[in-house]
Structures are given as structure tokens and as C-alpha cells.
Amino acid sequence: MIKEKLVGTVQRLVAKNRFGVAFSIKLREQCNSIIGLSLSSGIEPTQNGELLLIDVVAPRSRYFVDVGANVGNWSLMFADRMTHAKGLAFEPGPQTVERLRAALRGAGFGGIEVVASAVSDLPGTLRFWEEAGYGETSSLLSQHSHPDAKAVAVPVTTLDIEMQTRGVERIDFLKIDAEGFDLNVLRGAAGYLGGQRIRVLQFEYNAPWALAGGTIQAAFRLLEGNGYKVRLLMRDGLFIVNPAMAGEYFRYGNYVAYCPCECGELLEAGARPFDALFA
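Here the sequence shown stands for residues 1 to 279, numbered as in UniProt numbering.
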């Protein structure tokens with residue numbers, strides 16, 4: 001009790017000092033960076049666990065969806081490991097989408113349809129900031145994209161709308177890389193998630209989530225509320241984490257979710273407690 005009172009007194013004194021507040025803000029940023037580094041294995045698919053995940057899921061998949069496909073590098077990796085590649089790739093950037101179509105066509109993946117649209121929780125039209133050179137941080141958020149990015153109006157759709165329109169019964173794997181709008185994409189797939197018609201999914205969590213108003217805890221609530229298990233993807237596999245433990249650190253990382261299914265059971269069998277990362 002005495003210790004708690006002393007800590008409270010110190011906190012109140014620091015809160016009244018502008019230098020103390022400034023230092024606390026800088027300290028919080030450093031702490032977030034440390035937490036982020038502990039929950040990420042980097043951005044390279046061959047090093048961060050993405051390729052291992054693809055190797056498990058792709059051969060067992062009949063239909064996949066790539067939201068934020070850019071020039072198609074991820075789609076090509078996934079499709080190359082499928083028996084008969086079929087799926088849907090979304091890319092809103094007008095220049096980038098042409099490069100994506102050419103890449104898929106050149107690789108002989110005619111079963112993958114390209115949709116020139118952004119994906120969110122509501123259909124409509126939004127400004128998209130497209131970077132030169134098919135930049136991977138092109139985004140619906142101007143603050144996140146490169147300062148030289150050009151704004152262009154793009155159509156916006158939802159996964160529920162697109163899947164229902166095409167009569168897609170089930171998505172075996174959904175990959176989301178929407179530069180901050182990943183949670184919006186998930187909310188726009190509420191119907192398919194509610195029916196567990198998306199077997200396995202992967203989404204990216206990073207700094208632009210804060211700009212878009214998303215939180216990792218909200219993503220966990222949405223997915224777990226629909227019967228999915230959510231795991232952190234790292235170099236050595238999947239790890240069981242409590243999102244409340246780390247809080248909202250807004251640094252790069254990948255999360256995987258799956259419902260009860262063959263692939264889900266296979267992935268869950270290899271999931272380990274977060275503490276195993278430090279063993």
C-alpha cells in the first residue's frame with residue numbers, strides 16, 4: 001500500500017512537469033519499439049514465417065484471396081504451391097494493377113482474377129495514394145505513403161460483396177496487406193467470418209493501424225468471437241499471445257487466424273506459448 005502511494009505521488013509530480021511528460025512520451029515510443037521487435041521476425045517472407053505458412057496451407061487450398069496484392073509476389077508464391085491455382089487478387093493502384101495482371105499472366109496463372117479495387121468495410125470511392133515504382137506503402141492513408149505519392153480516386157468494395165457476387169462458397173486462405181486497413185477488411189468479411197467460410201487468414205499489423213483507427217485487440221475480439229484462434233506468426237512458427245499483454249504497440253508484425261478445419265488443426269498442433277520465444 002505504501003509502495004503504491006509512493007508510485008502515485010511520483011507519477012503526479014512527473015505529470016505536472018512538461019519535461020517529465022516529454023520524457024515519458026519518448027520512453028513509451030522506445031518501449032513500443034522494443035515490444036514490436038519482440039513480436040516480429042521482419043518483413044522478408046523467407047525469414048518471418050510467411051513462407052513456412054504458405055508451404056503448409058497452399059497445397060491444401062483450392063481458392064485463395066490476396067488483398068493488397070501489389071505486383072503479385074505473394075500471389076505467385078502461393079499459387080505456385082497449389083495443385084490448381086484459383087483465386088482473387090485485389091489491387092487499387094491503376095499502374096500497379098497492370099503490372100500485377102502482367103505478372104500473373106506471364107506465370108500462366110489464368111485462374112487468378114485481378115480486381116482493380118481497394119477493400120474495406122463499406123463499398124464506395126476513396127482517394128488512394130499511389131507511389132512511384134509500385135511502392136509497397138501505397139495506401140488509402142496519405143500520412144503513411146511516400147510524400148511524392150499521387151492521389152487517385154479508386155473504387156472500394158468488401159469481401160462479402162465480392163465473394164457473394166462470384167458465388168464463392170469458401171476461401172481456403174485469405175491474405176491481407178492493406179496498409180492500416182486490415183481490420184476494415186476483416187469487418188467487411190463479417191458474413192464469411194460468421195459462417196467460418198474463411199478457413200485460414202493472415203493479416204499485417206503495423207503503424208498505419210493507428211492512423212486508420214484500428215487496434216489489434218479489436219481484431220482479436222472480432223475473430224475469436226466468430227470461433228477463430230488467433231496466433232502470432234514468427235520465424236519459428238506460430239505463437240499464442242494475449243493482445244492485452246502487449247497493448248497497442250503499432251509496429252510491424254503478422255498474425256494468423258484459423259477456424260476448426262484440417263489446416264487449422266494442423267497449424268494449432270504446432271502453436272507454442274509466447275514464452276517459448278525466449279527459451
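Heads up, the beta-carbon is just placed ideally off N, CA and C, and yes, glycines get one too.
Give every residue of the same chain whose Cβ lies closer than 6 Å to the Cβ of residue i, excluding the five residues on either side of it in the sequence, and list them in chain order.
| i | result |
| --- | --- |
| ARG272 | PHE239 |
| PHE173 | VAL57, SER61, PHE64 and VAL200 |
| VAL241 | LEU232 and PHE274 |
| GLY93 | GLU130 and SER138 |
| GLY111 | ALA85 and LYS86 |
| GLU113 | LEU88 |
| THR83 | none |
Under DSSP, the beta strand (DSSP E) around residue i begins and ends at which residues?
| i | result |
| --- | --- |
| LYS16 | No beta strand (DSSP E) holds LYS16; DSSP gives it neither H nor E. |
| MET234 | 229-234 |
| LEU126 | 124-130 |
Taking residue i as part of the alpha helix (DSSP H), name the residues at either end of that continuous run.
| i | result |
| --- | --- |
| PHE250 | Segment: none, PHE250 is in no alpha helix (DSSP H) and carries neither H nor E. |
| ILE216 | 216-225 |
| LEU76 | 73-80 |
| PRO208 | 208-212 |
| ASP55 | 50-57 |
Rounded to a whole number of angstroms, what is the C-alpha to C-alpha distance between residue i and residue j?
| i | j | result |
| --- | --- | --- |
| PHE203 | LEU6 | 42 Å |
| TYR258 | LEU100 | 28 Å |
| VAL185 | ARG18 | 40 Å |
| LEU141 | GLN47 | 28 Å |
| ALA276 | ALA218 | 25 Å |
| VAL67 | ALA89 | 6 Å |
| ASN254 | ALA178 | 12 Å |
| MET77 | CYS263 | 18 Å |
| ASN206 | SER38 | 14 Å |
| LEU52 | GLU44 | 12 Å |
| GLY270 | GLU29 | 33 Å |
| GLU91 | VAL119 | 9 Å |
| ARG235 | PHE278 | 13 Å |
| PRO260 | MET1 | 46 Å |
| ASN226 | GLY188 | 14 Å |
| ILE25 | SER41 | 26 Å |
| residue 291 | LEU27 | Because residue 291 is not part of the residues shown, which for the chain are 1 to 279, the question remains open. |
| GLU224 | ALA102 | 38 Å |
| ASN32 | THR157 | 33 Å |
| THR237 | HIS146 | The question names Thr, but residue 237 in the sequence shown is Gly. Cα to Cα, the separation comes out at about 32 Å. |
Using a Cβ-Cβ cutoff of less than 8 Å, which residues in the same chain neighbour residue i once the five nearest sequence positions on both sides are dropped?
| i | result |
| --- | --- |
| VAL21 | VAL14 and ALA15 |
| ARG81 | ILE54, ASP55, ALA58 and PRO59 |
| ARG127 | LEU140, SER142, ALA151, VAL152, ALA153 and VAL154 |
| GLU169 | ARG197 |
| TYR134 | ASN70, VAL71, GLY93, GLN95, THR96 and ARG99 |
| TYR192 | LEU159, ASP160, MET163, ILE171 and ILE198 |
May I ask you to list the residues that DSSP assigns as paired with residue i?
| i | result |
| --- | --- |
| GLY87 | PHE64 and ILE112 |
| GLY237 | MET234 |
| LEU255 | Correcting the residue identity first, residue 255 is Tyr in this sequence and not Leu. Note: TYR255 sits in a beta bridge opposite PHE203 and LEU232. |
| ASN273 | Strictly speaking, residue 273 in this sequence is Pro, with Asn absent from that position. Per DSSP, ILE240. |
| ALA102 | DSSP, once it has assigned bridges, lists no residue as partnering ALA102. |
| LYS150 | GLU130 |
So, for residue i: in the same chain, excluding its five sequence neighbours on each side, which residues have a beta-carbon less than 7 Å away from its beta-carbon?
| i | result |
| --- | --- |
| LEU266 | VAL56 |
| GLY247 | none |
Would you verify that the beta carbon of residue i is, or is not, closer than 7 Å to some beta carbon of chain D?
| i | result |
| --- | --- |
| GLU91 | Among the protein chains of the structure shown there is no chain D, as only one such chain exists. |
* Enumerate, from N- to C-terminal direction, the unbroken beta strand (DSSP E) stretches of 3 or more residues contained entirely within the segment 158-203. => Within the segment 158-203, the complete beta strand (DSSP E) runs of at least 3 residues are 171-176.
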